[in-house]
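Encoded as structure tokens, the structure appears first; notes follow it.
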Amino acid sequence: KHKDVHIKEGEMFLLPARIPHSPQRQANTVGLVVERRRLLTETDCLRYYVDNTTDTLFEKWFYCHDLGTQLVPIIKEFMASKQGKTGRPDPNEVFREPPFQMNTLNVMLPFSFKDWLDKQRPSLASGRPIDMFGAQFETEAMVFGPGKTETTVRQSDVWIWQLEGSSRVTMNEQEFTLSAGDSLLIPEHNQYLWQRDEGTVALFVVQNPERKRP
1 KHKDVHIKEG EMFLLPARIP HSPQRQANTV GLVVERRRLL TETDCLRYYV
51 DNTTDTLFEK WFYCHDLGTQ LVPIIKEFMA SKQGKTGRPD PNEVFREPPF
101 QMNTLNVMLP FSFKDWLDKQ RPSLASGRPI DMFGAQFETE AMVFGPGKTE
151 TTVRQSDVWI WQLEGSSRVT MNEQEFTLSA GDSLLIPEHN QYLWQRDEGT
201 VALFVVQNPE RKRP
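Per our numbering, the sequence shown starts with residue 1, numbered consecutively.
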């Protein structure tokens with residue numbers, strides 16, 4: 001069933017894969033959304049529902065490479081359609097079987113990232129990274145404190161957001177210095193070495209499609 005999830009300033013929320021969703025952003029707000037590039041075998045769907053039901057009114061499947069340009073033509077197509085004008089499905093249209101099973105998992109509640117982080121500081125100060133959501137999700141989100149990640153290679157893009165302190169990432173014989181507020185994208189299949197100074201708090205995000213659950 002439909003459910004509204006309100007995300008307030010400073011809160012974090014993980015939406016699992018394969019759950020239909022419709023982000024609604026209020027005026028004068030700024031939010032950070034992390035999504036990976038789609039595999040060539042993956043498709044997305046823009047779907048409209050009959051009011052106050054979970055019945056499909058209109059849908060269009062497509063390979064997503066740029067939502068900013070791809071959604072507008074589909075939305076215009078819907079607005080001009082009989083379904084868009086009447087709010088009733090076309091009885092002659094047969095909707096395709098989705099290429100994946102929809103996820104019926106109960107979603108988490110948004111939480112204050114700052115409050116959560118403050119509780120983890122003793123562990124971070126000791127050099128132990130914190131896994132935020134566990135291995136059951138495709139998104140791997142870790143928070144790191146001071147320490148060193150030896151030379152490694154990831155099969156997916158890595159995004160680092162330096163929240164506090166400073167660190168240095170060496171990649172392709174080039175060193176990148178991160179100060180509080182800086183972020184760095186490490187492209188897939190690139191070797192990197194990450195050295196984190198005392199006082200570091202950094203968010204580390206990887207979305208590896210091989211972690212997808214059926």
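We put the CB at the ideal spot given by N, CA and C, even for glycine.
Item to complete: Determine the DSSP secondary structure at Val72, reduced to helix, strand or coil.
Response: helix
Discussion item. Please classify Phe144 as buried or exposed, where buried requires at least 16 neighbouring CB atoms within 10 angstroms.
Written reply: buried
Worksheet item: In the DSSP assignment, what residue or residues form a beta bridge with Ile186?
Response: Val158
Worksheet item: Going by the CB atoms, is the gap between Phe78 and Tyr48 shorter than 9 Å?
Response: yes
Discussion item. Checking the sheet assignment: what are the DSSP bridge partners for Leu46?
Written reply: Lys60
Worksheet item: If you draw a straight line from the C-alpha of Phe176 to the C-alpha of Phe113, how long is it?
Response: 26 Å
Discussion item. Could you give the first and the last residue of the continuous alpha helix (DSSP H) run that contains Ala125?
Written reply: 113 to 125
Item to complete: State buried or exposed for Arg196, treating a residue as buried only when at least 16 other CB atoms are found within 10 Å of its CB.
Response: buried
Item to complete: Assign Gln191 to one of three DSSP states: helix, strand, or coil.
Response: strand
Worksheet entry | Inter-residue CB distance, Val205 and Val34 (contact presumed, cutoff 8 Å) | 5 Å
Practice prompt. Could you have a look at Leu67 and say whether DSSP puts it in helix, strand or coil?
Written response: helix
Fill in: CB of Leu14 within 9 Å of CB of Met102, strictly
no
Discussion item. If I measure Cβ to Cβ from Asp51 and keep anything under 8 Å in the same chain, skipping five residues before and after, which residues do I get?
Written reply: Gly87
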